[in-house]
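Student:
Number of protein chains: 2
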Amino acid sequence: MSDYQIFKNIQKHISLTELDKEHLLTLLKVKNVLKKEFVLKQGQTCKKIYFVEYGSLRAFNIDDEGKESTLMFAVKDWWITDMNCFVNKKPALLSIEALENSKIIELDFHLLEEVYQKLPKFERFFRILFQNAYIREQQRALYNISYKTEERYWQFVEKYPEISEKVTQKQIASYLGVTPEFLSALKNK
Amino acid sequence: MSDYQIFKNIQKHISLTELDKEHLLTLLKVKNVLKKEFVLKQGQTCKKIYFVEYGSLRAFNIDDEGKESTLMFAVKDWWITDMNCFVNKKPALLSIEALENSKIIELDFHLLEEVYQKLPKFERFFRILFQNAYIREQQRALYNISYKTEERYWQFVEKYPEISEKVTQKQIASYLGVTPEFLSALKNK
DNA sequence: CTTAAAAATTAAGATAGTTTAAGACCACCT
DNA sequence: AGGTGGTCTTAAACTATCTTAATTTTTAAG
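Just so you know, the sequences run in chain order A and B. Just so it is clear: in the first sequence, position 129 is 804 by the numbering used here, and no numbers are missing. Just so it is clear: in the second sequence, position 118 is 793 by the numbering used here, and no numbers are missing.
(1) Nearest chain A C-beta to Ser849/B closer than 9 angstroms, yes or no?
(2) Between which residues of its own chain and Phe726/A is the CB-CB distance below 6 angstroms, once the five residues before and five after are set aside?
(3) Would a C-beta distance cut-off of 9 angstroms place Ile810/A and Met758/B closer than the cut-off?
(4) Please list, in chain order, all residues of the same chain as His688/B whose beta carbon is under 6 angstroms from its beta carbon, the five residues on each side excluded.
(5) Our contact map puts Phe805/B next to Phe805/A with C-beta atoms below 8 angstroms; I'd like the distance itself, whole angstroms only.
(6) Taking only three categories from DSSP, how would you classify Asn863/B?
(7) Mind checking the segment 796-813 of chain B against chain A and listing, in chain order, the residues whose C-beta falls within less than 7 angstroms of any C-beta there?
(8) Return the residues of the segment 731-744 of chain A that lie within a Cβ-Cβ distance of less than 8 angstroms from chain B, sorted by chain order.
(9) Starting from Arg802/A, follow its DSSP beta bridges and name the residues at the other end.
(10) Could you run through the segment 818-829 of chain B and flag, in chain order, every residue whose CB is less than 7 angstroms away from some CB of chain A?
(11) For Tyr725/A, would you say it is in contact with chain B, using Cβ-to-Cβ distances shorter than 9 angstroms as the test?
(12) Rounded to the nearest angstrom, what separates Asn807/A and Glu693/B at their Cα positions?
(13) Near Cys721/A, which residues of its chain fall below 7 angstroms by C-beta distance, leaving aside the five closest residues on each side in sequence?
(14) Apart from the five residues on each side of it in sequence, which residues of its chain come closer than 7 angstroms, Cβ to Cβ, to Ser744/A?
(15) Ile847/B and Tyr822/B - do their beta-carbons sit closer together than 9 angstroms?
(16) Looking at the unbroken beta strand (DSSP E) that takes in Asn776/A, where does it start and where does it end?
(17) Assuming the contact rule is C-beta atoms closer than 8 angstroms, Ser731/A and Lys845/A should be a hit. Round their C-beta distance to whole Å, please.
(18) Name, in chain order, the residues that DSSP records as bridge partners for Ala749/B.
(19) Which residues bound the beta strand (DSSP E) around Leu715/A?
(20) Name the chain B residues that come within less than 7 angstroms of Leu768/A, Cβ to Cβ?
(21) Quick check: what's the CA-CA separation for Leu794/A versus Leu787/A?
(22) Does DSSP put Ile689/B in a helix, in a strand, or in coil?
(23) Tell me the DSSP secondary structure of Val708/A in three-state form.
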């Protein structure tokens with residue numbers, strides 16, 4: 676029951692008593708989603724942040740011309756949401772779909788605010804979580820502007836080997852911001 | 676004395692007593708830097724996070740071939756550092772230089788950890804700060820992979836008009852990840 | 001097992017972006 | 001006041017990436 680992955684994840688940065696865990700369990704919603712099922716759809720308001728117990732999700736945007744851009748993948752032990760939507764109540768730019776049958780845990784925005792009040796150490800936990808997320812995105816921004824696609828592809832494969840194996844090449848292309856045709860040509864030269 | 680911009684910045688998200696401010700003042704280091712002066716140099720260890728009281732800074736990387744990439748600009752009321760270096764003690768990928776004579780405030784990593792202990796509401800402040808930084812970078816990542824350079828240029832000008840006026844076109848080009856020649860051609864068509 | 005749909009590959013012609021080089025302009029130094 | 005160096009512009013030749021479209025391969029559903 677309380678050997679959820681999410682507790683291990685939280686305890687990487689703060690410690691939890693059995694009481695904390697019990698309290699949390701009343702606030703979290705565990706959900707099974709099927710492959711191709713949508714957890715969030717572009718345009719909606721996103722009231723929840725998601726944690727992947729097992730399986731994998733993908734967050735992506737589709738623009739007016741139908742072009743798909745993958746913003747991030749989330750595998751086991753990762754958090755994911757459309758942050759601007761979650762925090763600032765903007766319509767979601769992102770859709771989030773399951774890449775395989777997955778077990779996820781939802782945490783509602785208002786319940787999270789409650790958690791911050793009742794268990795202030797969660798401010799610390801999410802401070803560290805967002806700090807790390809910021810570091811990753813800062814690095815990604817630097818790589819995006821300073822390296823060429825070919826280098827970025829190999830860096831991605833090296834950095835996220837499990838993801839590279841799990842997702843299609845088309846999805847990796849849309850994460851890199853190039854066409855699948857171009858990525859295919861890159862690889863096979 | 677205590678009408679520093681940094682206090683206004685902090686009070687956007689948490690409230691500060693006079694005592695808090697006094698305590699903080701003992702930990703912060705106010706510094707004047709001259710135009711072109713370096714606040715941080717690539718390769719060093721970066722032990723501090725910086726806040727801009729007035730003036731402007733630029734964080735950039737120079738790769739092996741000498742190509743310069745601007746990761747971010749910081750104007751009045753902004754925080755800036757090489758986060759991966761600051762948090763994880765990695766050698767700085769970034770240099771940070773003053774674009775004009777500026778007044779900045781330094782906060783040392785270890786003192787910040789102390790602040791978290793003594794004034795836990797600062798966990799909240801930095802949680803919100805990093806949360807917002809993450810949102811910005813997430814958006815930037817999406818724009819980088821989904822829009823073309825021309826659109827990104829005009830979005831940048833629209834989103835950061837003060838910065839666009841203050842910095843050179845060459846620096847904007849290096850923020851967008853294109854050559855100054857190409858940006859010049861884009862604008863004048 | 002079969003078949004339809006999606007993914008991956010290949011290739012040709014178009015567009016986006018780089019490189020190099022030269023000249024104009026402007027700020028700054030002494 | 002003149003010289004120096006950085007920025008901006010323009011252009012030509014080159015490389016990276018896109019678009020389209022046809023072909024093959026893989027995947028998933030009945």
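Each residue gets a CB set at the ideal place from its N, CA and C atoms; glycine is no exception.
Tutor: Checking against the coordinates, here is how it stands:
(1) yes
(2) Ile681, Trp754 and Ile780
(3) yes
(4) Phe800 and Ile803
(5) 4 angstroms
(6) coil
(7) Glu798, Arg799, Phe801, Arg802, Phe805, Gln806, Ala808, Tyr809, Ile810, Glu812 and Gln813
(8) Asn736, Asp738, Lys742 and Ser744
(9) Answer by DSSP bridge pairing: none, since Arg802/A is not bridged.
(10) Asn819, Ile820 and Ser821
(11) no
(12) 32 angstroms
(13) Leu715, Thr756, Asp757, Cys760, Phe761 and Ala767
(14) Phe735, Asn736, Ser849 and Gly852
(15) no
(16) That residue, Asn776/A, is in no beta strand (DSSP E); it is neither H nor E in DSSP.
(17) Actually they are not in contact, since the Cβ atoms of Ser731/A and Lys845/A sit about 15 angstroms apart, beyond 8 angstroms.
(18) Leu732/B
(19) Phe713 to Leu715
(20) Leu817
(21) 10 angstroms
(22) coil
(23) strand
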